[in-house]
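Presented below is the structure to which this report refers.
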Amino acid sequence: MNVKFCCKVAALPVPLLLLACGSTEQAKQSAEALPQPIGSPEAYWQLVWNDEFDADEIDQRKWNVEEHCWGGGGASQQCYTKRKANIQVSDGSLKLLAKKGSFTGPSLPSGDKRITRTQAYTSAKLSTKGKVDWRYGRVEVRAKLPQGQGTWPAIWMLPTEEKYGKWPASGEIDIVEAVNLKAPSDAKGVDSSALEDRLYGSLHYGRAVPENLRSGKDYQLPNGINPADGFHTYTVEWEEGEIRWFIDNVHYATQRQDEWYSQYRNNGHLVTAEGAAPFDQAFYLGLNLDVGGSWAENANATGVDGDIFPQALEVDFVRVYQCTVERSSGKGCNSVPQEANLVEGFRPPITVAVDTQFAEGPRFSLFDDELDYSLMLNSYDPRNAMRYRLTADPYRGQVIEISKAGKAGNVHLTAPETNMNHWQEGGQLIFDLKLLSHAKGAKLLVKMDSGWPNASDYEVELPALDTWTEVRINVADLAARGNSLVSGKSVDLTKVVNLFVIEPTASMDLQVDKLRFEYPEASLPFNFGQRGLAYYFSDFGGNNSQLIQDPSKQRSRVALTRKSANAAGWAGTSLGEGAGFSQAIQLDELKPTMSLWVYSPAVATPVRLKITDSKQPDSFAEVEVLTQSQGLWEQLIFDFSQATPSWQSDTRYNKVTLFFNYGVRGAEAGEQVFYWDQLKVGS
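Heads up: the sequence shown runs through residues -6 to 676, numbered per the numbering used here.
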């Protein structure tokens, strides 16, 4: 489905709840004296938490103030600080101030001061994380937004616990965002003199980056009013299965759970979370003012106009209410018509129960531009000699950079206790290494461990400086070498906790990329029940293929190919990676046949097998066979003596492509699922 980008509480109660975790009794008492949300049925809403910013400093019982220069997923250009130059409470309002000026601080959101970064601007960010959070409710923030090219204010909510995986699989609620207010508008169809005035309410969900999704709506204030010219009240009402957005009590958007989803991996299985997930857990509140970033810098006049600073996000109050009608679901206080301003979002892709578990093959990626969400990058650093960070390589994206200034210490990737024993059957630990500098006599060890001293290590030959080199280590060899420091100890591959440890023995600077465990690639014959080999599929035209346990239980592991309802007639699946098999397919000159076991949903389904010379794509041969059974395993024989174009014995065919129901579009046949196994030469 496509994405497109509210609020008066009127009559007709329809429930909503907010469960507060951590709000203080004092906050509850002070809240009781404050006015309730405008509109009816206001009697059902109860104020449970608020900050009116009437003091002269931040209430640290309610707010965390972040200090770092990370820039976040939006790649913005500011450092967040606690300085009064960037965050103030005065005259009854909170002021987050973005200012131009170089500043150096921690480069990671953890605030680790050992790893720093310099940014061209400073600003501020607050959140209630660890102080108070809520599940369901009405959140009101009265604020005045900044103006100018490069400003990006945001009022948002994030989950306290990432129950469904890394951002945004566990969800994000954007109460309001805006970029570049009063800069020249780039909205379609507006006059060239028009100024940016759009406000956005949206949700982030789906899977973890980069398979994330966003949906929402934009809103413009009536009568040409610009949000940067005064205070306005931005509101979200959130109940189980529904979220509603309002500005100045005008409802402008509603999104429901059939238009969002969360998919995450649980022990390697891709799972679609049930019910209203990910928006069914406690969220905390955040406020920030960013400078630049991927959205602001690519909209309107583009870039950042340094001359417009300082700018402020000014907040008059923050108020959080709960619906008292049905506390467990938050329902009972909705007054918005059921058909009102619905947001079109996304529905979950269909998943199948695969038979692979976390860390099983054929390829287990630990780091490729980002860490696998189950892993943590840590260091053992008894002498404060280790530095590590993610840094950008102009040709590779993010890489891990490690610096060591002494003898003791390492950097490691930690996971929940993981069974890696199956990787001994031909598996390799593979990564790209770039050596930047090293002390004389320094060595480089790669280790795996199941808790010290149960570790095994392998010495890597040092490559030339400033050159990316691929390193391959057989897992069986690494495990067998044992712990070079403690005799008789070695890693227990059934209980690995540090999947990858890299330890220079002296001062060294290096970078690591494309870190993974991998099996050698399979070639014909393809028997999917055989473990320890990598089976790769390249789908096109609307196919989706993967390995699963045979649902009929007649075989072990088989391939599933799903030809979607949107698939082209020529949708197909190529076996192996792009270059084809390293060895040519050797057919018998007297009886040039190949065979395949297939489980088809219908009789007389055309199955086409194509073999190609990957270096000369015009050199190919195809044979088509009709299935004879429905819902049963059967062996199909492809006789290439009858191929079109003709099979040539002197052509180096090294690539196989499979087509199910060839020539029939998904729109005609509907979605169809095919199972297959044991592709081989001969019968």
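Virtual Cβ for every residue (Gly too), placed ideally from N, Cα, C. In this text the structure is predicted, and so the values were computed from the model without any measurement.
How far does the alpha helix (DSSP H) with residue i in it reach, from first residue to last?
i	result
Asp502	Unbroken run through Asp502 is the beta strand (DSSP E), Met501 to Glu511; no alpha helix (DSSP H).
Leu471	Val468 to Arg474
Please list the terminal residues of the continuous beta strand (DSSP E) segment that includes residue i.
i	result
Leu568	Gly565 to Leu568
Arg550	Arg550 to Lys556
Ala147	Thr144 to Pro152
Tyr277	Phe276 to Val284
Gly164	Where Gly164 is concerned, there is no enclosing beta strand (DSSP E), given that its DSSP letter is neither H nor E.
Trp231	His225 to Glu232
Trp56	That residue, Trp56, is in no beta strand (DSSP E); it is neither H nor E in DSSP.
Gln250	Element bounds for Gln250: n/a, residue is neither H nor E.
Thr384	Met379 to Asp386
Among residues of its own chain, excluding the 5 on either side of residue i, which ones have a beta-carbon nearer than 6 Å to its beta-carbon?
i	result
Ala136	Val308
Gln81	Lys88
Tyr668	Val551, Leu553 and Tyr592
Ser531	Ser567
Arg54	none
Taking the Cβ atom as the reference point for each residue, do residue i and residue j lie within a distance shorter than 9 Å?
i	j	result
Glu165	Leu214	no
Trp145	Gly299	no
Arg107	Gly64	no
Phe533	Ser567	yes
Asp506	Arg389	yes
Asn491	Asp442	yes
Leu508	Phe521	no
Lys673	Phe519	yes
Met501	Ile395	yes
Asn281	Val172	no
Val649	Leu580	no
Tyr245	Trp238	yes
Val169	Ile240	yes
Leu278	Val58	no
Ile236	Thr226	no
Pro497	Lys436	yes
Ile423	Val453	no
Considering only residues of the same chain and omitting the five flanking positions on each side of residue i, which have a CB-CB separation below 7 Å?
i	result
Gln19	Residue confidence is low: Gln19 scores 40 on pLDDT, short of 50, so the model does not pin down where it sits. No coordinate-derived value is stated.
Ala305	Lys88, Leu89, Leu90 and Pro139
Tyr512	Gly354, Pro355, Gly419, Gly420, Gly525, Leu526 and Ala527
Ala515	Leu526, Ala527 and Tyr528
Below 8 Å on the Cβ atoms is my contact criterion, and I expect residue i with residue j to pass it. Report the Cβ-Cβ distance as a whole number of Å.
i	j	result
Asp167	Ala147	7 Å
Glu290	Gly143	7 Å
Ser588	Gly675	7 Å
Phe633	Trp640	4 Å
Under three-state DSSP, which class holds residue i?
i	result
Tyr129	coil
Ser33	Per-residue confidence for Ser33 stands at a pLDDT of 41, beneath the threshold of 50, marking its modelled position as unreliable; the derived number appears in the next sentence. Correct three-state label for Ser33: coil.
Ala346	Residue confidence for Ala346 is low, a pLDDT of 42 falling below 50, so the modelled location carries little weight and cannot support an answer.
Ile301	helix
Pro215	helix
Glu661	helix
Pro599	strand
Gln579	coil
Glu290	helix
Asn414	helix
Pro355	coil
Ala270	coil
Glu45	coil
Ser186	coil
Glu394	strand
Ser634	helix
Asp670	strand
Gly656	coil
Ala68	coil
Ala408	strand
Ala201	coil
Gly675	coil
Gln39	strand
Pro99	strand
If you drop the 5 nearest sequence neighbours on each side, which residues of the same chain put their C-beta closer than 8 Å to that of residue i?
i	result
Gly656	Gly562, Trp563 and Pro599
Leu27	Any answer about Leu27 is weak, because its pLDDT of 45 lies below 50 and its placement is not dependable; what the coordinates show is given next. Leu40, Asn43, Glu45 and Arg312.
Val489	Ala408, Glu410, Thr411, Asn412, Met413, Met441, Asp442 and Ser443
Pro446	Asn476, Leu478, Val479 and Lys482
Ala201	Gly158, Lys159, Trp160, Pro161, Ala162, Tyr257 and Tyr366
Leu101	His61, Trp63, Ile108 and Arg382
Pro610	none
Gly85	Glu45, Phe46, Asp47 and Asp309
Are the C-beta of residue i and some C-beta of chain D separated by less than 9 Å?
i	result
Ser95	Of the protein chains in the structure, only one exists, and it is not chain D.
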